[in-house]
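K.L.:
Would you mind keeping the following structure in view while I ask a few things?
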Amino acid sequence: MRTAVIHIMLALLCVQALWLTGCDEKPGPSPADRAVVKRTIRIGLVPEVDIFAQKKRYELITGYLEEELGINIELKAFAHYGELVAGFATEGLDGAFFGCFTGALAMKKLGVSLLARPEGKDGASTSQGVLFARREARLRTAADLRGKRFAFVDRATTAGWLLPLHFFQELGIADYGQWFSETYFAGTHEDAIHDVLNGAADLGVAKGSIFEELAGREARVAEELEILATSIAVPENALAVRTGLAAEFVAELKQALLGMDRGAKGREILERFGAVRFVEARPEDYEAVIGYAAQVGQGLDGTPEGGE
370 MRTAVIHIML
380 ALLCVQALWL
390 TGCDEKPGPS
400 PADRAVVKRT
410 IRIGLVPEVD
420 IFAQKKRYEL
430 ITGYLEEELG
440 INIELKAFAH
450 YGELVAGFAT
460 EGLDGAFFGC
470 FTGALAMKKL
480 GVSLLARPEG
490 KDGASTSQGV
500 LFARREARLR
510 TAADLRGKRF
520 AFVDRATTAG
530 WLLPLHFFQE
540 LGIADYGQWF
550 SETYFAGTHE
560 DAIHDVLNGA
570 ADLGVAKGSI
580 FEELAGREAR
590 VAEELEILAT
600 SIAVPENALA
610 VRTGLAAEFV
620 AELKQALLGM
630 DRGAKGREIL
640 ERFGAVRFVE
650 ARPEDYEAVI
660 GYAAQVGQGL
670 DGTPEGGE
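Structure follows, in structure tokens:
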């Protein structure tokens with residue numbers, strides 16, 4: 370009987386030891402077998418051109434950042450400009466490459482922190498909007514525009530919304546909805562250009578750099594379209610991030626962009642992207658576009674009014 374009691378006690382001690390030490394669990398992977406868990410961030414893009422082309426272009430930059438910082442970046446290209454600001458709540462965005470007007474809106478509504486924006490081969494880190502028509506139409510005065518079809522881009526753009534409103538204001542057109550036979554939003558700058566080029570609209574607006582890039586690929590753009598008005602210079606698309614990201618990580622992200630042109634690999638990627646370097650983006654860079662918006666009655670406190 371004494372032997373049986375000893376056996377029972379030993380069994381209980383063994384069970385207790387297993388419970389305390391976790392010996393009953395499967396052994397974990399060795400350090401060599403463990404996969405490195407990378408930080409993943411989500412970055413949004415505005416639809417300047419076809420969203421697939423836009424995403425492919427910015428993958429050049431995000432691919433470089435992934436390798437430099439050891440992170441994963443998920444790109445989300447939106448079909449409409451206004452969706453980008455909302456995407457921080459609906460899509461869990463950590464940052465975005467904002468256009469100038471969406472950037473101003475995001476600073477006002479979300480308090481995002483600006484990091485950097487690209488500088489082009491012409492030495493400028495700004496862009497301008499252009500308003501254009503077919504050369505053969507010879508549109509010059511407000512009377513010439515009456516009854517025509519007008520292609521905007523999107524309400525949350527400088528080139529595609531603020532520029533034409535300013536243009537109408539200068540011509541004395543108080544109610545463009547009554548002045549034109551049709552107005553609509555093309556959605557992308559590229560689509561607005563093609564709509565005028567192919568006769569779907571009589572006038573349109575677009576970002577100047579996209580107009581020039583398209584003219585370089587399609588001879589008809591330069592041959593058949595003429596620019597009637599140009600906007601003020603505004604900041605190029607800048608990367609901005611949400612509040613709450615670790616300050617150290619944000620600093621690393623910013624420095625990785627600002628240092629791209631210091632290495633051969635970074636310079637090669639910048640060349641393919643169409644830039645020579647990234648420069649620091651600052652809130653004061655947006656004062657011009659905020660003032661431009663105020664001139665035509667488009668503040669940052671709510672959804673811009675007007676259009677369709």
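Letter 17 of the sequence shown, counting from 1, is numbered 386 in this note's numbering, and no numbers are missing.
We put the CB at the ideal spot given by N, CA and C, even for glycine.
Quantities reported herein were computed from a predicted structural model and do not represent experimental measurements.
1) Rounded to whole angstroms, how far is the Cβ of ARG558 from the Cβ of VAL590, which I believe are closer than 8 Å?
2) Across which residues does DSSP place GLY573 in a beta bridge pair?
3) State the beta-bridge partners of ASN441 as determined by DSSP.
4) Strictly by DSSP, which residues pair up with ILE659?
5) Between the segment 461 to 473 and the segment 408 to 422, are three or more C-beta pairs nearer than 8 Å?
6) Are the Cβ atoms of PHE642 and PRO416 separated by less than 8 Å?
7) I need the straight-line Cα distance from ALA657 to ASP630, nearest angstrom please.
8) Where does ALA609 sit, in a helix, a strand or coil, going by DSSP?
9) Taking ASP491 as the reference, which of PHE519, GLU581, LEU531 and GLY439 has the closest Cα?
10) Any contact between the segment 558 to 571 and the segment 531 to 540? By contact I mean 3 or more CB pairs, one from each, below 8 Å.
11) Are the beta-carbon atoms of PHE467 and ALA609 separated by less than 8 Å?
12) Within the same chain, show all residues whose beta-carbon is closer than 7 Å to that of VAL665, passing over the 5 residues directly before and after it, in chain order.
13) Go through its chain and collect everything with a Cβ distance to LEU626's Cβ below 6 Å, but skip five positions before and after it.
14) For ILE430, is the classification buried or exposed, using 16 other Cβ atoms within 10 angstroms of its Cβ as the cut-off for buried?
15) What is the rounded straight-line gap between the Cα of THR599 and the Cα of GLU452?
16) I'd like to check one pair, THR495 with ALA602: are the Cβ atoms closer than 8 Å?
17) Quick check on GLY668: does DSSP put it in helix, strand or coil?
18) Is ALA663 near the ligand COA, going by C-beta to nearest heavy atom under 7 Å?
19) According to the neighbour-count rule (16 or more other Cβ atoms, all chains shown, within 10 Å of its Cβ), is ALA620 buried or exposed?
20) CA-CA distance, SER593 and VAL499?
21) Tell me whether SER578 is buried or exposed, calling it buried when 16 or more other Cβ atoms sit within 10 Å of its Cβ.
22) Using the Cα positions of VAL405 and LYS425, report the straight-line distance between them to the nearest angstrom.
23) Tell me the rounded alpha-carbon separation between ARG503 and ALA455.
24) From the DSSP output, in three-state form, read off LEU484 for me.
25) Within the continuous beta strand (DSSP E) that includes VAL648, where are the two ends?
P.N.:
Taking the coordinates as given:
1) Residue numbering aside, residue 558 sits at position 189 when the sequence shown is read from its first letter. Residue numbering aside, residue 590 sits at position 221 when the sequence shown is read from its first letter. The amino acid at residue 558 is misidentified as Arg; the sequence shows His. Taking C-beta atoms under 8 Å as the contact rule, HIS558 and VAL590 fail to qualify, at a distance of about 12 Å.
2) Here residue 573 refers to the residue found at position 204 when the sequence shown is read from its first residue. BP columns for GLY573 point to PHE501 and ALA520.
3) On the sequence shown, position 72 is the one that residue 441 refers to. Assignment of beta-bridge partners to ASN441 by DSSP yields THR409.
4) Residue 659 sits at position 290 when you count from the first residue of the sequence shown. DSSP output for ILE659 lists no bridge partner at all.
5) Short answer: they touch.
6) Here residue 642 refers to the residue found at position 273 of the sequence shown. Here residue 416 refers to the residue found at position 47 of the sequence shown. No, these two residues do not count as a Cβ contact at 8 Å.
7) The count along the sequence shown starts at 1 and reaches residue 657 at position 288. The count along the sequence shown starts at 1 and reaches residue 630 at position 261. Those two C-alpha atoms are separated by around 28 Å.
8) Residue numbering aside, residue 609 sits at position 240 when the sequence shown is read from its first letter. DSSP places ALA609 within a strand segment (E or B) once states are collapsed to three.
9) Taking the sequence shown and counting its residues from 1, one reaches residue 491 at position 122. Comparing Cα positions, the closest option is GLU581.
10) Using a Cβ-Cβ distance cut-off of 8 Å, the segment 558 to 571 and the segment 531 to 540 are not in contact, since fewer than three pairs of beta carbons, one from each stretch, lie closer than that value.
11) Counting from 1 along the sequence shown, the entry for residue 467 is found at position 98. Counting from 1 along the sequence shown, the entry for residue 609 is found at position 240. Yes, the pair counts as a contact, with Cβ atoms nearer than the cut-off.
12) Within the sequence shown, numbered from 1, the residue matching residue 665 stands at position 296. By the criterion of a C-beta distance shorter than 7 Å, VAL665 is surrounded in its chain by LEU531, LEU534, HIS535 and GLN538, once the five residues flanking it on both sides are discounted.
13) For the purposes of this step, residue 626 is taken as residue 257 along the sequence shown, with counting starting at 1. The residues are ALA485 and PHE647.
14) Counted from its first residue, the sequence shown places residue 430 at position 61. ILE430 should be labelled buried.
15) Mapped onto the sequence shown, residue 599 falls at position 230. Mapped onto the sequence shown, residue 452 falls at position 83. Near 26 Å, if we compare the C-alpha coordinates of GLU452 and THR599.
16) Here the question's residue 602 lines up with position 233 in the sequence shown. Here the question's residue 495 lines up with position 126 in the sequence shown. Yes. Within cutoff.
17) For this step, residue 668 is matched to residue 299 along the sequence shown. Under the three-state reduction of DSSP output, GLY668 falls in the coil class, being neither helix nor strand.
18) Looking at this structure, you won't find the ligand COA or any other ligand, since it has none at all.
19) Locating residue 620 in the sequence shown gives position 251, where the first residue counts as 1. It counts as exposed.
20) Looking up residue 593 in the sequence shown gives position 224. Looking up residue 499 in the sequence shown gives position 130. Sequence inspection shows Glu at residue 593; the Ser mentioned does not correspond to that position. Rounded to the nearest angstrom, the two C-alpha atoms are 15 Å apart.
21) On the sequence shown, position 209 is the one that residue 578 refers to. It counts as buried.
22) Here residue 405 refers to the residue found at position 36 of the sequence shown. Here residue 425 refers to the residue found at position 56 of the sequence shown. Residue confidence is low: VAL405 scores 47 on pLDDT, short of 50, so the model does not pin down where it sits. No coordinate-derived value is stated.
23) Taking the first residue of the sequence shown as position 1, residue 503 is located at position 134. Taking the first residue of the sequence shown as position 1, residue 455 is located at position 86. When rounded, the distance between both Cα atoms is 36 Å.
24) On the sequence shown, position 115 is the one that residue 484 refers to. If DSSP states are grouped into helix, strand and coil, LEU484 belongs with the strands.
25) Working through the sequence shown from its first residue, we reach residue 648 at position 279. For VAL648, the enclosing beta strand (DSSP E) starts and ends at 646 to 649.
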